[in-house]
Amino acid sequence: MHPAFSVIFLTTLIGAGQGLFLALFTAQSYASVGFVNIENPHQFYAYGSVIVLALLAGGLVASFFHLGHPERAWRSAARWRTSWLSREVIVLPGFMLIVFIYAAMHYFNWDPMIIVTQEPLQGQLSLYVGIIGALMSFALFICTAMIYACIKFLQEWHNPLTVINYILLGTASGFTLATAYSTFMAPNLVTLFGTWATIITLTAFISRTASLIRNSRIKYKSTLQTAIGVRHATIEQKSMGAMGGSYNTREYFHNAKMSVFKSMKWIFLTLVFLVPVILLTAGVKQENTGALISAFIIQYLGLIAERWFFFAQANHPQNLYYQTV
Amino acid sequence: MSDDNPYGKDPTGTFFNRVQSFEIGTYPNTELVHFPKSCLHCEEPPCVPVCPTGASYKREEDGIVLVDYDKCIGCKYCSWACPYGARELDEHQKVMKKCTLCVDRIYDEALPEEERKPSCVLACPTNARLFGDVHDSESDVSVTIREEGGYQLMPEWGTKPANHYLPRRKTKIKIHEDELIRADNPLKKEGLKPKTVVDDQTLDDVTSW
Chain A
392 MHPAFSVIFL
402 TTLIGAGQGL
412 FLALFTAQSY
422 ASVGFVNIEN
432 PHQFYAYGSV
442 IVLALLAGGL
452 VASFFHLGHP
462 ERAWRSAARW
472 RTSWLSREVI
482 VLPGFMLIVF
492 IYAAMHYFNW
502 DPMIIVTQEP
512 LQGQLSLYVG
522 IIGALMSFAL
532 FICTAMIYAC
542 IKFLQEWHNP
552 LTVINYILLG
562 TASGFTLATA
572 YSTFMAPNLV
582 TLFGTWATII
592 TLTAFISRTA
602 SLIRNSRIKY
612 KSTLQTAIGV
622 RHATIEQKSM
632 GAMGGSYNTR
642 EYFHNAKMSV
652 FKSMKWIFLT
662 LVFLVPVILL
672 TAGVKQENTG
682 ALISAFIIQY
692 LGLIAERWFF
702 FAQANHPQNL
712 YYQTV
Chain B
97 MSDDNPYGKD
107 PTGTFFNRVQ
117 SFEIGTYPNT
127 ELVHFPKSCL
137 HCEEPPCVPV
147 CPTGASYKRE
157 EDGIVLVDYD
167 KCIGCKYCSW
177 ACPYGARELD
187 EHQKVMKKCT
197 LCVDRIYDEA
207 LPEEERKPSC
217 VLACPTNARL
227 FGDVHDSESD
237 VSVTIREEGG
247 YQLMPEWGTK
257 PANHYLPRRK
267 TKIKIHEDEL
277 IRADNPLKKE
287 GLKPKTVVDD
297 QTLDDVTSW
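As you go down the protein sequences, you meet chains A and B in turn. Per this note's numbering, the first sequence starts with residue 392, numbered consecutively. Per this note's numbering, the second sequence starts with residue 97, numbered consecutively.
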């Protein structure tokens, strides 16, 4: 498939936003049972949620560049019964609304206690809003990933690993961002976020590598024989019915050099997993803000490469019909 | 329908129907197959349920898969979900286009009945394209599919295309070796029939009737 930057930015930006929200909620749930102590909790959650909103809004804006008719985008909420894309279109603004409520509750310090138990257990309303937000964050990951995983003839995508990778990679970048963010707002959370970011990044490395291994061994179900229905071992296309290319040649081929395509895999493996893990470990140990910020930036750049590779690697069966001019 | 640089260097545009060519076999035993390719109007169209707006739909009454150009947002997702690459985004109108089976022609009562067929069927000079109701077991197309071994493309995806392809027909006679020799030739040798000598007299020369 041809990697579209609108979709690459959409999936990576909202992934980081969803992950950051999960990180904030993790901190809040830890704090609610007294595992951690945050100095200015409301400020910490409120500003963090604003970053989440900014990332989600950035993704939303990027997604509009993918549409031929962005002014009709509202129509895309109609078919949520059958279309994962439609479900994503509903869940994304819904999640943004919850994050907005969460941010506003903390910013205006309006957080009534609804379950009063013994100290240190606390049951503020915002915690329950956070639970809804966390569930919606996961729902959004599933919707985004299922858009790709549900197309059965794109065999590189049609696999549960696609969903697992989207969840883990988004969460990893969100927790890395949370680590960098907490150095400014809540320095005593740096170790917590840094440890989780490292664990999730390493888990994502395992699942992404598993999908790379799986995809390198794919046996394609469609062949030229099934595509045109002629049973002969040697079939060669002589013309595709269009001389100057067409939508079919532009949309489904990445058109990058094989060397670029192959090196992109090593680039993203280095930038998403190796470098951030080193920077996170060093940054947490030495309390180095610069290292933690660069860990997020490098991991995010790596995720752009990862998403590019994700799209470029998918081999659409229609390509069988477009092998030569 | 976009049609850019039709006579220029890189002609491109939106197509409902392409004819591609495939060479089967290795030289000198090759055959060139011309392969027309358009929307197959699947019975289980994978492109329809993925559409987020409902612009892409399959008609209940006749099973034709269509796009409502006024609802399409141009997200291209349906084209990803078609294994045949039958859908193409119009680069100017920015909506998805596909073969409509000439839905405006086939129900047009202003046309004489024999012309209520898709244009590609009418245009084909050798009548290689047939049009009819595949759900009616006795229709011409159903009988042809049944009796001439019509097949579907990429059956592995369970899309059940309504459009079928017919295998190529060749007129062949199989001659067995014993058929080359006349089994009842008394001389057991071809070409050595008992012949009259040309110079000899025949009955015509000696008798008069």
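For each residue, glycine too, the CB sits at the ideal point set by N, CA and C. Since we're looking at a predicted model, the values are computed, not measured.
Considering only DSSP beta bridges, list what residue i is partnered with.
i: B/P132; result: B/V115
i: B/G109; result: B/D99
i: B/P257; result: B/C138
i: A/V480; result: A/V480 is not bridged to any residue.
i: A/M504; result: A/Q515
i: A/Q628; result: B/F118
i: B/Y247; result: B/Y261
i: B/K353; result: Nothing in the structure corresponds to residue 353 of chain B, since chain B is present only between 97 and 305.
i: B/E127; result: B/I120
What's the C-alpha gap between residue i and residue j?
i: B/K172; j: A/I399; result: 15 Å
i: A/G635; j: A/L451; result: 34 Å
i: B/Y165; j: B/P132; result: 25 Å
i: A/F335; j: A/P461; result: This structure does not reach residue 335 of chain A, given that chain A is present from 392 up to 716, and the question cannot be answered.
i: B/V115; j: A/V668; result: 53 Å
i: B/E187; j: B/G109; result: 8 Å
i: A/Q628; j: B/P179; result: 18 Å
i: A/A703; j: B/H272; result: 55 Å
i: B/I262; j: B/I241; result: The identity of residue 262 of chain B in the sequence shown is Leu, whereas the question assumes Ile. B/L262 and B/I241: Cα-Cα distance of roughly 7 Å.
i: B/N93; j: A/T594; result: Since the first and last residues shown for chain B are 97 and 305, residue 93 of chain B lies out of range.
i: A/F416; j: A/G406; result: 15 Å
i: A/A530; j: A/I538; result: 12 Å
i: A/Y611; j: B/E234; result: 37 Å
i: A/S564; j: B/H137; result: 43 Å
i: A/A577; j: B/F111; result: 59 Å
i: A/L662; j: B/A177; result: 31 Å
i: A/K615; j: A/Y712; result: It should be noted that the sequence gives Leu, not Lys, for residue 615 of chain A. Near 8 Å, if we compare the C-alpha coordinates of A/Y712 and A/L615.
i: A/N500; j: A/A569; result: 21 Å
i: A/T586; j: A/G674; result: 11 Å
i: A/W465; j: A/P484; result: 11 Å
Can you say whether residue i is buried or exposed, counting buried as having 16 or more other CB atoms within 10 angstroms of its CB?
i: A/K648; result: exposed
i: B/A219; result: exposed
i: A/Y436; result: buried
i: B/E275; result: exposed
i: A/M504; result: exposed
i: B/P266; result: Note that residue 266 of chain B is Lys in the sequence shown, not Pro. Answer is exposed; the Cβ neighbour count stays below 16.
i: B/G104; result: exposed
i: A/L411; result: buried
i: A/G681; result: exposed
i: A/R472; result: exposed
i: B/I299; result: At residue 299 of chain B the sequence reads Leu, which differs from the Ile that was named. Looking at its Cβ environment, which holds fewer than 16 other Cβ atoms inside 10 Å, B/L299 is exposed.
i: B/L185; result: buried
i: A/E479; result: buried
i: B/H231; result: exposed
i: A/S440; result: buried
i: A/I689; result: buried
Looking at chain A, is there any beta carbon in it that lies within less than 8 Å of the beta carbon of residue i?
i: B/A177; result: yes
i: B/I169; result: yes
i: B/L117; result: Here residue 117 of chain B turns out to be Ser, not Leu, going by the sequence shown. Yes, because at least one Cβ of chain A sits closer than 8 Å to the Cβ of B/S117.
i: B/L162; result: no
i: B/M97; result: no
i: B/V237; result: no
i: B/L128; result: yes
i: B/T196; result: no
i: B/R114; result: yes
i: B/E252; result: yes
Between residue i and chain B, is any beta-carbon pair separated by less than 8 Å?
i: A/G681; result: no
i: A/K543; result: yes
i: A/R466; result: yes
i: A/L458; result: yes
i: A/Q709; result: yes
i: A/S573; result: no
i: A/S397; result: no
i: A/Y691; result: no
i: A/V621; result: yes
i: A/M487; result: no
i: A/I626; result: yes
i: A/V581; result: no
i: A/T553; result: no
_Segments of 4+ residues assigned as alpha helix (DSSP H) that fall wholly inside the region 174 to 204 of chain B_ = 199 to 202
*Run through the region 650 to 706 of chain A for me and flag every whole alpha helix (DSSP H) of 4 or more residues, listed as ranges in chain order.*
666 to 677 and 680 to 704
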